[in-house]
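Q: Under our numbering, think of the first position of the sequence shown as 1, with each following residue one higher.
Even glycine gets a Cβ: it sits at the ideal position worked out from N, Cα and C.
Every value quoted in this text rests on a predicted model; they were computed, and no experiment measured them.
Handing you this structure, nothing more for now.
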Amino acid sequence: MEDNYAQRAESLTKYLFDSPYWPVSVGVSALFSILVGAASFRTVPTFSGIYEGAIRGFILIGAPAVISVFLTPWITNRIRGELNIDRSALLSSLSSIIVGFGTLIGSLTQIIGPELTYDALMLSLGIIFAIRMMVLLSLSKKTLIGNIPGASVQPLFSIVFLYQFNKTPALYFEFLISSFIFISAFYLIIIYLDRPLRRSFGISGLDFVRGFVNYSHKGVDELESIFDEIGEFVRVPVGTIAFKNQEGVKAVIVSPSVHPGPVGELGGGNLPKALAEDLEEELDCTALIAHGAATHDFNLVNSEQSHKITDSVIESVQDMDFAGAGIPVREKVGDVEMLAQKLDEGIVAISTLSPNPTEDIAFPIGYSIMLNSRVRGSGDLVFIDAHNCSWKEPGGIYPGSKHSFDIIDAAEKTSDKASEKEVDDLKLGIAKKDVEWGWEQGFGNLGIRVALLEIDGKKTYYVFLDGNNLEKGLREKILKALPIDEGEVMTSDNHVVNLNGENPIGAEIDHKELIKNIQELYEKAERDLEEVEVGVETEMVEDLEVFGSDMAAQLASTANAIIAMGGGLAFAFILSAFALSIIAILIT
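Structure (C-alpha cells):
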C-alpha cells in the first residue's frame, strides 16, 4: 500500500489508456453512421427510403470520420503535434457518435413539432469542432488558431457533403454560431484548468496533460522535463555492501535513500533495473537492490539521476576495506522487527513490521539511524526497509510517530549487539532468476535475487524481490519453507509495477509457485557458496535531483482536484454553451 498522497498519484493512472486499433474505430464510425442515417435521413418508411437514408448517413457522418482518421494526424504532426492514427481514429469515432446521436435527437423533434434533423446535425458539428480543437490543443504545441486546420477536417467534410443535399444558407450560419460558442466554452475550461498548476508550480497545465497523455506511447521524456522544472537538489546517503572473492567483486547489495517512483517508468520508476544494469556492467558482479529510507519526496525527477548513484557505489567499492562477518541478531520493539548483521567494520540493519502493514519510512528516520550507528561506535550502517507486508492502508512512517521511535530503538539494540559479535570467515552464495511473471503480476525486471551467507556453519538467507510489497503472510510462508538459521524477505518497492494501481507480489500469482522458485534458488546459492570477504560503506551522493519536500503530495493533490472540479465545471460550461446554441439556432 501507499501513503495517502502516493495513492492519489497512482490514481491518476486510471486515466491512461491505449487507443483501440484504428480499423476497429473506423468500423464503429461506419456502422454507426449507417444505422443513424437509416433512422434519421430516410425519406419514406420503405426499404428504398431506409436504404437511401443509410447511404446519406454514411456520406454525412461516416465518410468524414474515415477521412479525418488519416488526414488529421497528417496535418497535426506537421505543426508539432503528437497524434497517431489509432488516437485519430478514436477521436473521429467519438466525434461521429456525438454527431449521430445529435442528429437522431433532431429527427425525433418531428413528433412534437418541426423536424430539426439538419439543424441538429449542424449543432453537433459545431460541438465536435470544439472538442477536436481542445483535444488537439492538448496534444500539440500550437495555439488555438494553429489547430484550426486539424480540428476542422471532420466537420468541414460533413458540411461539403451536406451541400449536395441541402443548400439552405441558415444551416451553415448555425454551424458557425455553435462552433464559436462551444470553442469559447472549452477554451475557458482550459484556462481554468491550466491556472492551478501554473500558479502553484510554474508549469503549464497543458504541457502536463500532453506529457501524461503521450506517456503510454511516447515514453517518459515530456513528463520528466516537467518534473525537472519543479525538482530540487539534495544529498542522500547510499549504503553499499560488497562481497569480494579471489577474482574480484562477486556481488553488491545497494540500499539508496531514494524512492523508486512515482509510478511506472517515470522519474525513479524502475530504478532497481537501472542501478543493477549499470553496476553489473561496471563491476562484473551480481547486484542486489534494496529499498532505503525514502518516501515519494525522494522520487528522482528523471532516470538519468540514477547514474549519480551508480558512480557513488563504484567509488565506495573501490575505497572499501574487506574482512569477515558476524552472526546476525534480531530484536523486536513494538511492531518492529530488526535484523542486523556485522559485516567487516559496518552493519546492515533490515526493518520490517510484518505481519503488520509495512510502508515507506521517511528519510530522516533512516538517516538518524545511520548517524547514531557511527556515534555509538558501530561504524557505517546500511539501512534497509524490507517493505514486505501489504494488507490495508497504513500510511508512511514519519518522524515523531510511535513506529518511527520503535524503528530507531530496534536499530540501536540490534546494531549494538551485532557489533559485539566476533568477525569470522564468511562464505557467500549468489543466485538469481528472471521469473515468468511480469509487471502486471507485481514483478519488476530483476525478478528474484538471493544471497546466502554462511558463518561458522550458520546460514543467513536474504531474498530480494523486485516489486512493490508482499501480500500479508507471504513473508512468513517463505521463511518457514527454508532450511535456514536466519533470513529476511525484501522488496525493492519498484513502482514500475504500479501503473494500474496497487500491485503487491502475491496478489496475482500462486504463492506455492513463488516459494518453489525461492527454494530452488536457495539450493543454487548453496552450491555457489565460496569464501569471500565483505566491506561496507555509506557514501553521500551530491546534487541528486528529486521531487522535493511534499512536492509529490502537492502535485498529485492539485491534479486530482483539477480533475474532480473540472468535471462539474465542464458540465456547467457545456450545458450553458448548448443552451446558447439552441437559442441562436431557433432565432435564425
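Give the straight-line distance between the Cα atoms of Leu271 and Gly396, rounded to the nearest whole angstrom.
A: 20 Å
Q: So what does Gln341 bridge to, in DSSP terms?
A: Its beta-bridge partners are Val348.
Q: Output the distance between the C-alpha atoms of Ile55 and Leu162, rounded to the nearest integer angstrom.
A: 12 Å
Q: Skipping 5 residues on each side, what residues in its chain have a beta carbon closer than 7 Å to that of Glu454?
A: Lys427, Leu529
Q: If you draw a straight line from the alpha carbon of Thr117 to that of Met134, how long is it in whole angstroms?
A: 26 Å
Q: Can at least three beta-carbon pairs, one atom from the segment 259–267 and one from the segment 322–338, be found at a separation below 8 Å?
A: Short answer: they don't touch.
Q: Considering only the alpha carbon of each residue, which of Ile582, Ile314, Cys285, Gly548 lies closest to Arg235?
A: Gly548
Q: Suppose you measure from the CA of Phe175 to the CA of Leu123; what does that come to, to the nearest Å?
A: Roughly 6 Å separates the two Cα atoms.
Q: Which value, in whole angstroms, describes the spacing of the CA atoms of Gln519 and Asp86?
A: 46 Å
Q: Enumerated in chain order, which unbroken segments of the beta strand (DSSP E) with a length of 3 residues or greater are wholly contained in the segment 482–567?
A: Scanning the segment 482–567 for uninterrupted beta strand (DSSP E) segments of 3 residues or longer gives 486–491, 530–546, listed from N- to C-terminal end.
Q: Considering only DSSP beta bridges, list what His259 is partnered with.
A: Asn299
Q: Specify, as a first and last residue, the run of the beta strand (DSSP E) that Gly429 falls within.
A: 426–433
Q: Would you report the Cα separation of Pro64 and Leu71, rounded to the nearest angstrom?
A: In a straight line, the C-alpha of Pro64 is about 10 Å away from that of Leu71.
Q: When you compare the CB positions of Arg376 and Ser401, do they come within less than 9 Å of one another, or not?
A: no
Q: By Cβ distance below 7 Å, which residues in the same chain neighbour Gln590 in space, the five residues on each side in sequence not counted?
A: Because residue 590 is not part of the residues shown, which for the chain are 1 to 588, the question remains open.
Q: Going by C-alpha to C-alpha distance, which of Thr109, Lys472, Thr76 sits closest to Ser138?
A: Thr76
Q: Kindly indicate the opening and closing residues of the beta strand (DSSP E) around Arg235.
A: 232–245
Q: If you run the structure through DSSP and keep just helix, strand and coil, what is Phe383?
A: strand
Q: For Arg376, name the three-state secondary structure that DSSP assigns.
A: coil
Q: Just to confirm before moving on: does the CB-CB distance between Gly473 and Asn503 stay below 9 Å?
A: no
Q: For Tyr51, which three-state DSSP category applies?
A: In the three-state DSSP reduction, Tyr51 falls in the helix class (H, G or I).
Q: Quick check on this structure: which residue in Asn445, Asp424, Glu420, Trp439 has the alpha carbon closest to the alpha carbon of Lys432?
A: Asn445
Q: Shortest alpha-carbon distance to Phe165 belongs to which of Ile509, Thr43, Leu381, Val541?
A: Thr43
Q: Hey, could you find the ends of the beta strand (DSSP E) Ile159 is sitting in?
A: Element bounds for Ile159: not the beta strand (DSSP E) but the alpha helix (DSSP H), 148–162.
Q: With C-beta atoms as the reference, is Ile203 less than 9 Å away from Ile181?
A: no
Q: Should Pro328 and Ala251 be called a contact, given that it needs their Cβ atoms to be closer than 9 Å?
A: no
Q: Could you tell me which of Asn388, Ser33, Ala349, Ser140 sits nearest to Asn372, measuring between CA atoms?
A: Ala349
Q: Look at the Cβ atom of Gly150, then the Cβ atom of Val238, and state whether they are nearer than 9 Å.
A: no
Q: Which class does Gly248 belong to by DSSP, given the choice of helix, strand or coil?
A: strand
Q: Check the C-beta distance from Ser140 over to Ile79 and give it rounded, since I have them as a contact under 8 Å.
A: 6 Å
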